[in-house]
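As given, the protein sequences belong to chains A and B, one line each in that order. Using numbering that gives the first Met the number 0, read the first sequence as starting at 0 and increasing by one per residue. Using numbering that gives the first Met the number 0, read the second sequence as starting at 0 and increasing by one per residue. Heads up, the beta-carbon is just placed ideally off N, CA and C, and yes, glycines get one too.
Protein chains: 2
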Amino acid sequence: MTKEIIIAIDFMGGDDDASFILPGLRIAYEKHPEARFKLFGDENLIRSKIKYFPELEKVSDINHCETFVRMDEKPSSSIKRGRGTSSIWKAIDSVKKGDSNIMISAGNTGALMAMATLILKTISKIQRPAIAAIWPTINGETIVLDVGATIGFNTKQLIDFSILGASMAQSVFDLDQPTISLLNIGEEEIKGLDEIKKAHEILKSDNYFFKYKGFVEGDQIGKGVSDVIVMDGFTGNVALKTAEGTASQISTYFKDAINRSFMAKIGYKLAKSAFETLKEKMNPSRLNGGVFLGLNGIVIKSHGKTDPMGFSSAIDLGIDMHESSLLLKIQRNIELLDKEINFDKISN
Amino acid sequence: MTKEIIIAIDFMGGDDDASFILPGLRIAYEKHPEARFKLFGDENLIRSKIKYFPELEKVSDINHCETFVRMDEKPSSSIKRGRGTSSIWKAIDSVKKGDSNIMISAGNTGALMAMATLILKTISKIQRPAIAAIWPTINGETIVLDVGATIGFNTKQLIDFSILGASMAQSVFDLDQPTISLLNIGEEEIKGLDEIKKAHEILKSDNYFFKYKGFVEGDQIGKGVSDVIVMDGFTGNVALKTAEGTASQISTYFKDAINRSFMAKIGYKLAKSAFETLKEKMNPSRLNGGVFLGLNGIVIKSHGKTDPMGFSSAIDLGIDMHESSLLLKIQRNIELLDKEINFDKISN
């Protein structure tokens, strides 16, 4: 019998009443019959909804929480109000206590990151956690980090992110030696911010458990040039959102073009199956889920505006991380790298 | 008779021998019969090519230059080698001397910016120049700056960029009071880098010659929420290139989808005119041209990999700037704003 995987769910996070959560769990459960759910939130609310999902009722337990974090609440206020009592806090805490294997929330990202860092703590020798996203490329997928955990950065953090991202690539893409690039604004060594240039010097000086390929620019992320692309959280967040915005803009153009004439509509109908594939490739819920990396526990942030399929793919991602022993990989890789470079002595 | 507009062209800049330059000038000349061209570069080369464009020969003069800047040359080396002698230098210098109204190059951006700053100098009270791009949106166009002139930034520069961008919006979009936004990684006031938050406080404190609308995130650039969106050069360059990369990625998906089946090909043929419109909207040469803002002269950077239509639209942009008296607008707006806020005293 496959070992159970226990998933802590923040039931109170997400836009529009998070009505995607239970349908999402049903999809995830069909795919992963070994999944068990711990639902954290208002008990009455959960009971009133889960009764329509009897198959989930059997494999879930309900953990009542007195408070919950609002989507627009500041991290500092959420901790003041929600420490020990909120659905986010208690769900993360169940990972800390070993009662759950992974934690998933579609709630307030800042509060989730603040609480996760406070409860789980960063892995030894890692300065600050990062959020990693999976970015679709023309030949597959690339891990991009940090996409918004940390504002402001130094060289040591870029090295940390390289270790974390490459470890995740070993887990998700099942690779021995993933390739890594640093995002910069020129491929030449002369351009860019000093912190990035210093990280480049350290990364290119040797072959580590990953293979460093140098600088890439923004237009190369989607070309799949590396398994992992590393950048600071501000830049990564702008890049990710700009790419999402561009995709949605082109999708608007596309719909306008189709609706412009009768012939275009007929043409679209004939080519429909081809366009369905295109639509699927551009579907943001296919790759939903930001992975919090660098903490002593697996926490996944689902998009707040996702759908059941999207929420279930965030769960897929978490299960994948757990089953591939991501945390052990990260710890082993840090030890490995620590022997090769003066990991603690990297100047900022 | 319309007054002549004299355009200084760096003949030696651009990828693939810059074979788009003369065909591009022909398109521009058909549209702007008042245009006159000063071509800077190797005289023999120019003569061997321009003889196939007799209509251009009549309205162009050739200015021989002994050196030219290579596409991959560092700015410092290009200045050492090309000061006073290179095609970029001499073309900018003709703007400085008043012999030309605008200067256009498809060459090395770093060298072009370094030489332009050295020769033309920044406008009084502007710390550093910016590169502005015109970004297509679902309801029109937005000016985005800085897209790569400056690495590293402070609050004063973001205010400068706001003045420069809003002045350009007055020129290009013919608006009295353009709207502007600051790019950040959260719409809330709590997030983001300190320099950006300080600029936000200054901009929101009053109504200036522009209307400040607050923060936007990367996914809103393409929604056309403001006439101008301001950001630092590193972030702007990443955002612009990521958007370009995403558009080209989706275009690859699209071609793959069409070629997958016979039915899809037939469908595409029926819907062809609709897709041509889509293709036109996504055509990067339609909005080619980075405008150097903040200098005492108009310099336009064309993409190095453009086509004749793209090169001619960079010229269009330059002519537009000149005819709408952009430089006077900028100076007047700086004076206006200087009365309203302690412009020199903004802390970094």
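Under the three-state reduction of DSSP, ALA7 of chain A is assigned to strand. DSSP, read as helix, strand or coil, puts PHE291 of chain A in strand. With a contact defined as Cβ atoms closer than 8 Å, ALA90 of chain B and PHE39 of chain B qualify at about 4 Å. Around the Cβ of LYS190 of chain A, a 10 Å sphere holds 16 or more other Cβ atoms; the residue is buried.
Out of B:SER170, B:LYS280 and B:ALA242, the CA that lies nearest to the CA of SER323 of chain B is found in B:SER170.
A Cβ of chain A is located within less than 8 Å of the beta carbon of SER260 of chain B.
Any Cβ of chain A closer than 8 Å to the Cβ of GLU3 of chain B would place that residue at the interface, and such an atom is absent. Distance check between ASP98 of chain A and each of A:ASP60, A:GLN248 and A:GLY221 places A:ASP60 closest, using alpha-carbon atoms only. Against chain B, a Cβ distance below 9 Å from LEU192 of chain A picks out ILE150, GLY151 and PHE233.
Among the residues of chain B, those whose CB is under 7 Å from the CB of LEU182 of chain A are VAL237, following chain order.
Residue A:ASP319 holds the alpha-carbon nearest to the alpha-carbon of MET102 of chain A among A:ILE49, A:ASN206 and A:ASP319. Looking only at B:ALA17, B:ALA34 and B:ASP14, the smallest Cα-Cα distance to ALA7 of chain B is reached by B:ALA34.
By the Cβ rule, the stretch 215 to 223 of chain A counts as touching the stretch 237 to 249 of chain B, because three or more pairs are nearer than 8 Å. Restricted to the stretch 98 to 185 of chain A, the beta strand (DSSP E) segments that are unbroken, complete and at least 3 residues in length are 101 to 104, 129 to 136, 139 to 144 and 178 to 182, listed in chain order.
Look at SER225 of chain B here: in three-state DSSP terms it is coil, with no helix or strand label.
A direct Cα-to-Cα measurement between TRP88 of chain A and ARG259 of chain A gives close to 50 Å.
Measuring C-alpha to C-alpha distances from PHE152 of chain A to each of A:LYS197, A:ASN138, A:THR108 and A:MET114 identifies A:LYS197 as the nearest. The Cβ neighbour count for GLU72 of chain B, taken over all protein chains shown within 10 Å, is at least 16; the residue is labelled buried. Listed along chain B, no residue sits closer than 9 Å to GLY288 of chain A by beta-carbon distance, the nearest being about 18 Å off. Residues of the stretch 208 to 221 of chain A with a Cβ closer than 7 Å to any Cβ of chain B, in chain order: GLU216, GLY217, ASP218, GLN219, ILE220 and GLY221. Counting along the chain, ARG35 of chain B sits inside the beta strand (DSSP E) bounded by residues 34 to 40.
The distance from the Cβ of VAL146 of chain A to that of ILE125 of chain A is about 17 Å, inconsistent with a contact at the 8 Å cut-off. The C-beta distance from PHE209 of chain B to GLN176 of chain B rounds to 6 Å, short enough to fall under 8 Å. Per the coordinates, the alpha-carbon of PRO22 of chain B lies some 10 Å from the alpha-carbon of TYR28 of chain B. Per DSSP, HIS199 of chain B is one residue of the alpha helix (DSSP H) stretching across 193 to 203. Per DSSP, the continuous beta strand (DSSP E) segment holding ASN62 of chain A begins and ends at 59 to 63. In this structure LYS328 of chain A is buried. Its beta-carbon is surrounded by 16 or more other beta-carbon atoms within 10 angstroms. Residue contact check for GLN248 of chain B against chain A: a CB pair falls below 8 Å. GLY232 of chain A sits close to THR149 of chain A, with the two beta carbons spaced by under 8 Å. For ILE87 of chain B, not one C-beta of chain A is nearer than 8 Å to its own C-beta. Contact between ILE257 of chain B and ALA273 of chain A is confirmed by a C-beta separation of about 6 Å, below the 8 Å threshold. In terms of beta-carbon proximity, LYS300 of chain B stays away from the interface with chain A, with every pair separated by 8 Å or more. When CB distances to chain B are screened at a threshold of 9 Å, not a single residue of the stretch 158 to 170 of chain A falls below it.
The continuous alpha helix (DSSP H) containing TYR267 of chain B extends over residues 261 to 269. Looking only at A:PHE52, A:GLU339 and A:GLY293, the smallest Cα-Cα distance to ASN206 of chain A is reached by A:GLU339. Taking the beta carbon of GLU200 of chain B as reference, no residue of chain A falls within 9 Å; the closest one sits roughly 17 Å away.
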